[in-house]
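For reference, the structure is listed below as structure tokens.
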Amino acid sequence: MEVKLQVENEILDKIKHTFHSAEVSIPRKQRVEVKLRNDLIHPFLAYLKDTLGFKHLSHISTVDWLEEKEIELVYIVMNYDNLVEVIAKIRLDREKPEIPTLREFWPQVETYEREIHEMYGVNFLGHGNLTDFILEDWEGIPPMRRDFDTVKYAKETYFNRPGREDAQDVRTTITKKSGEEIPELAKVYSVRHLE
Amino acid sequence: MISVPVILSVMFLGGVLAWLANRFVPKGASWTAAIIAAFAGYLVFALPSCGGEYSLALGSITLVWKSTNYSALFAMLVAVLGFLGILYSMDFMAGKKNLGYYYMNFLFALGAMLGIVYSQDLVSLFFFWEVMTWSSFMLVIYSGEEKSHKAGIKYFAYSAIGAYLILSAIVILYAQSNSFLLSENIKMFSGMSLGTQIMVISFLALGFGVKSAMMPLHVWAPEAYKESPSGFTAVFSGALSKMGIFGLGLVIFKFAANTEIFGYVRETLAWLGGLTAMLATFYAVIQSDAKKLLAYSSIGQLGYIIVGLALGTPLGIMAALFLTIMHGAFKAMLFMTAGAVYMRTGTTSLNDVSGLITKMPLTFLTALFGIISVSGIPPLGGFISKWMLYQALLETNHYFLIIVIFIASTAAFLYLYRFIFSFFLGQKEKEVEHVKEVPWSMLVPMMFLTLFVLFAGLFPGVILDPIGKAMGYLGNFKASWEPQVVFSAWGEKINMQVIAGTIGTIFILGALFIGYKNKKATRVVSTKDIHTAGEIPTENENLTYAVNFNQPFERAIAPILKWSVDKLFNLLGENLESTFEYLRYVYTGNGQTYAMYVILMVVILILFSGSIFGIHL
Amino acid sequence: MEVSYDKESRKIVQAIERFARKHSLWVLAYGTGCGAIEVPPTMTSRYDAERFGIRGAATPRQADVLLITGYLSVKTLKRVIRTYEQMQDPKYVIGFGSCTINGGMYWDSYNTIKLLDMYIPVDVYINGCMPRPEAVISGFIELQKVIAEGKAEGARKYKENLDWYRANQQKIIHNWNMPDYNW
Amino acid sequence: MDSSTWIKILGYIITPITAFVVGVTYGGIVRVITARVQNRFGPPITQNFWDIIKLYSKKTAVHHGLMQHWGPIFAITASVTSLFFIPVLKDSPLWLNNSFNGDIIFLLYMMVFGSLGMALGAGQTGNPNSAIGVARGLALMVGYEVPFVLALVAIMIQFKTTSIAELMAVQDGFSNWLIFQSPFAFIAAILAFLGMMHYAPFDVTFAPAEIASGPASEFGGKYLALMQTSGSIFTFAKLVLFTDIFLGGAGDLVTLIVKTFLLYMIPVLTGIVNPRYRTEQAITFFWKWPTVFGIIAILIVVL
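Protein sequences, first through last, are from chains A, B, C and D.
No gaps in the numbering here: position 162 of the first sequence is 500 in the working numbering, and each next residue is one more.
No gaps in the numbering here: position 291 of the second sequence is 512 in the working numbering, and each next residue is one more.
No gaps in the numbering here: position 172 of the third sequence is 174 in the working numbering, and each next residue is one more.
No gaps in the numbering here: position 137 of the fourth sequence is 1252 in the working numbering, and each next residue is one more.
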């Protein structure tokens, strides 16, 4: 096991050696997870790209930690030589999320950052083109934040066709009408889905 | 009694008068010039077509001026276009500096052109030829900008080469015939040795070819046309370049006709003309400046005329002379249109202006008739000349030349459509909101020429009458036509009455039953309201497809253009240009210096010829 | 221009016109949602909608039928309105799939409109998620019946109730920069 | 007025109507054939009539300016005029119309008149797709005119005439058809004809999926109907012209329809099974083999 993760461990060591404050772990093969201070994300990605050969930015993802009042940005970069992915996570203040843009590293990041700005309200400093992307003329809180009530918004904003009385919960209706039990498979699915 | 010197002195004295008028009366120059040109035009038309003879003996040289049927044709063209050009200039040039200089040179150029066509001796021909070059050069450099100086120098250098070739030919002729009279030389030409004949013909053909921008001597034309003021460009392209045609006609039918090499001369010139037509058309297709586009177009059309002349059949000459008149009309129309657009928008670049049709409807109409006429679509005048040219090519078995001409003629649609599309059609941009139609003094010449090309299409016979007489001067050519019917050598006929009647009837019926009826059920929407896949174009969004308009065709002809641009013209053109850089030390662009050279050359000529004459060569 | 249809003399002309309109439906497929994938099989060899005179049109100016294949977000709705207004009278709209009827599986989405007929007049709905090509063709035949009866007057309805439609549209499209509807 | 004048007037009325009916029916047949090749059932043969009637019956139509309004009328003028100068049937005063007052060279230019009208109309719309389509169409025209004119020149030199009626006269009898007398000219001309009809692989002008049907993209309702009408008449006119020149013309309508239909199938069947050329590829295609055939045709005549 130890032998198999040799590449990952090498990367881990290098990162630890350079960024002392980073929390680094190896969740599984070909993956290194790094938690960083906000201000280190730029030097860290520069280090990965220029020194360790992580040329490819796969994605920028965002998580809204409502309870902790933080927004997490997840940068996923990849190395084509050894196919290792490094997942760098930083946490921003939820009230005023701001981070400098990455456009000078990877030009294609413009699209990701525009989307994150629109959906989560993260402000990318120096981006220059944080205009309307998918939503046009959006007012109010960004829709992907967890305190945004999408059902309420949809009911208020759009016309709704009144449905049938019994169509509110399909599964109970089926049970009520036919007297059948909910199939095991459906239960399992719903349980897994809820968790 | 009207005679040629009267007309010439009216023009030249009028030029000086216009210059003086500009000094004392504001706007005096334009009105003086217009009146002078109108008066001279009247005199030209009043002059009997075979008469007005006047001769002047200067020592051993006798100068003879006379109007012939052939010269009357060109003189009428010059007079009409000259008057229209000056009329157009009145408002076009209003407010510009040095108007006296402009009108003086304009009238001098017109006078010199008339002098050329009326000259019956070689000395006055050469003298007026040089005056024409000099005054038109002055107008090319009129704007005084760096670019115009460059264009002017180029024009002058090529013209000088041409002039010296003509001069050499004159010297050779004089050495042989001991006379400067045109008729004497023509009479004695067939008796000269073959070497002399070849030399004289090629010198004269090249010399006149420069003025008519025959390839590969066309290099000066695009820039000179572009830089000269549009009022003069109309005359430059419409009439001044025809002086080369005038000369070529003399060379082919007066000098070469009685020699053994007649056939070779005609074949060479025909192919040169054909290639000129095709390559110039290809170059016109890739231009993005309206005046340069028209300049290349002009070169190409002159190529057709040369082909027609060189065919040497009655139909060919008729086609060439008809096209000479028509080209004078429609190219003047198009240059005037380009000038009108320039006046209102400040640019002649095809990429910058669009959607002027609603702002300048009459200018658009002129341009429309112009391009229909150039492309040879019936029922306008251009079609008849094209038809006669093809019939002449067929009857003389020029199978491959006809293909070359046809490619040129078809490819002409590409640049003509681009011209009208880029300026008048397409998106109406915000920048042209303030544009107005041009004033009446510019519209009158344009509308007059529009009506003229329509008239020429409907009644070609009326214009063919003077052309037939001119052909009589060139040789014993017989062709038949009726006012509305033109016949070919194979017995084919083209009946413009039926053609125009059919087109007109169907169009009027269509307009009444469909156009007018539909008009009630239809609405005009803005040019921004177009299919853009649901997207709404903003005010400033540029949706016009104008840049690299003819790219598909450019890609197809890229191999041809690459070969000819790189190998032939750049090599020839640039090398010649660099050679002519040295000529700049001689030709300073200063009129006085140049006038001195002219006098010097005449003196040398007299001395030279005298010495040859002295030892009885 | 409004043509009065109650004249006796126009009855034959009207019958011919309706027959021609019915048998010549040029479709502009606005492929927004998953329904776009159902249109190619409808048009090609397997189901061959051209049997009924149905064929594709390249631009809204040439089209008769606007086919909304799936959900419309606020952004696409704006384009659809624009496209609909560019079409020539008479024009028909087919709502395709559950999403256009009541939002379908996007009933709670923050960015998807639920009722298409509140924004543009819809002549025929085809339900299903997604409707198969057979259902699409059946929808077209339904539209042909509506046209034959002379009830497909969507363009007139839109023109007469333009204020109401505009109010609905502007309720969700805040930045209204559309050109005026001149029909 | 004597009877010959009435026959002439009747001819002026009956010729465009026949051309319209035949042209539109051919369009319908082409759609059926295309469908059968693609393993479909296809629309009824009358489909194109319904399409045109529907387009005429559209209550509204928009245009973007004067030239778009008049462009289709230019086109229909050109197509009907061209038709009037082509002898439709041999030796029949009813169908000859004006054919003795013009010739092939006139027709070559008359055919461009309609294209120019359409191009001006398309340019007026301000739609970039239209302008792109026009630029492509004009470039393509320069391409196919070369072999076409070579073929015509070969024939004109051979028989020393440019009149269609005289060319028809020399093709008396099956073996004298020009398709047999000068086969190379026919090959060159028919290859050019492929481009002239704008079927694939030379359909780059009106490519619907690529540039939204090019010049026609802003034409709807009555304008599109006019365009289609003029297109149908023009198709018929071109077919009759080719039949007259190469297939000996026709003495009666049935022969004419058979001949034109067979001729029409050449571009149609080529079009169904071929993909699309880019413009410059199409031009270079026309300037290669068809041109060689045309030159061979001329050389055969000359030598």
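We treat Cβ as the ideally placed atom computed from N, Cα and C, and that holds for glycine.
Opposing strand residues paired with residue i [DSSP bridges]
{"i": "T71/C", "result": "F98/C"}
{"i": "K373/A", "result": "E361/A and K427/A"}
{"i": "S570/B", "result": "D510/B"}
{"i": "A381/B", "result": "According to DSSP, which records beta bridges pairwise, A381/B is partnered with nothing at all."}
{"i": "I631/B", "result": "It is Thr, not Ile, that sits at residue 631/B in the sequence shown. Bridge partners of T631/B: none, in fact."}
{"i": "T1394/D", "result": "The partner list for T1394/D (beta bridge, DSSP) is empty, contrary to what the question assumes."}
Span of the alpha helix (DSSP H), counted from its first residue to its last, around residue i
{"i": "E453/A", "result": "V447 to Y458"}
{"i": "K107/C", "result": "Before going on, a small fix: residue 107/C reads as Met here, not Lys. First-last for M107/C: undefined, no H or E at that position."}
{"i": "E405/A", "result": "From DSSP, E405/A is part of no alpha helix (DSSP H); its letter is neither H nor E."}
{"i": "I419/B", "result": "L415 to K432"}
{"i": "Y766/B", "result": "Run containing Y766/B: none; DSSP gives neither H nor E here."}
{"i": "T480/B", "result": "Counting along the chain, T480/B falls outside any alpha helix (DSSP H), and DSSP gives it neither H nor E."}
{"i": "G1157/D", "result": "No alpha helix (DSSP H) holds G1157/D; DSSP gives it neither H nor E."}
{"i": "P1405/D", "result": "W1404 to V1417"}
{"i": "G1142/D", "result": "S1118 to V1152"}
Burial state of residue i (16 or more Cβ within 10 Å)
{"i": "F1199/D", "result": "buried"}
{"i": "I473/B", "result": "buried"}
{"i": "D1117/D", "result": "exposed"}
{"i": "W1121/D", "result": "exposed"}
{"i": "A169/C", "result": "exposed"}
{"i": "L536/B", "result": "buried"}
{"i": "L670/B", "result": "buried"}
{"i": "K24/C", "result": "buried"}
{"i": "D787/B", "result": "Note that D787/B scores a pLDDT of 48, beneath 50, so its modelled location is shaky and nothing firm can be said."}
{"i": "Y385/B", "result": "exposed"}
{"i": "G1363/D", "result": "buried"}
{"i": "D475/A", "result": "exposed"}
{"i": "I14/C", "result": "exposed"}
{"i": "R48/C", "result": "exposed"}
{"i": "H1179/D", "result": "buried"}
{"i": "P1187/D", "result": "buried"}
{"i": "R20/C", "result": "buried"}
{"i": "N179/C", "result": "exposed"}
{"i": "E346/A", "result": "buried"}
{"i": "L763/B", "result": "The sequence given here places Asn at residue 763/B; Leu does not occur at that position. N763/B comes out exposed."}
Among the options, the one whose alpha carbon lies nearest that of residue i
{"i": "V534/A", "options": "N179/C, M89/C, N113/C and S100/C", "result": "In the structure as shown, chain A starts at 339 and stops at 533, and residue 534/A therefore has no counterpart that could be examined."}
{"i": "Q64/C", "options": "P1405/D, I1387/D and G1329/D", "result": "G1329/D"}
{"i": "F1189/D", "options": "D1206/D, P1208/D and A1234/D", "result": "A1234/D"}
{"i": "T1149/D", "options": "V1417/D, M1256/D, T1175/D and L1384/D", "result": "L1384/D"}
{"i": "L500/B", "options": "A691/B, A767/B and F627/B", "result": "F627/B"}
{"i": "I724/B", "options": "E756/B, L679/B and V746/B", "result": "L679/B"}
{"i": "N1213/D", "options": "G1157/D, G1126/D and P1262/D", "result": "G1126/D"}
{"i": "T568/B", "options": "I223/B, R776/B, V653/B and K318/B", "result": "V653/B"}
{"i": "S1119/D", "options": "Y1141/D, Q1153/D, P1158/D and L1209/D", "result": "L1209/D"}
For residue i, the first and last residue of its enclosing beta strand (DSSP E)
{"i": "A1176/D", "result": "A1176 to H1178"}
{"i": "N716/B", "result": "K714 to N716"}
{"i": "C32/C", "result": "A small correction: the amino acid at residue 32/C is Tyr; Cys does not occupy that position in the sequence shown. It spans L27 to Y32 - the beta strand (DSSP E) in which Y32/C sits, taken as one unbroken run."}
{"i": "D750/B", "result": "Taken as a continuous stretch (DSSP letters only), D750/B belongs to no beta strand (DSSP E), as it is neither H nor E."}
{"i": "V41/C", "result": "From DSSP, V41/C is part of no beta strand (DSSP E) but of the alpha helix (DSSP H) over V41 to M45."}
Runs of 4 residues minimum, wholly inside the stretch 289-340 of chain B: which ones carry the alpha helix (DSSP H) assignment?
290-313 and 320-339
At what residue ranges does the stretch 339-363 of chain B contain a whole run of the alpha helix (DSSP H), taking only runs of 4 or more?
343-361
Please go through the stretch 1228-1255 of chain D and give each complete alpha helix (DSSP H) segment of 4 or more residues, from N-terminal end onward.
none
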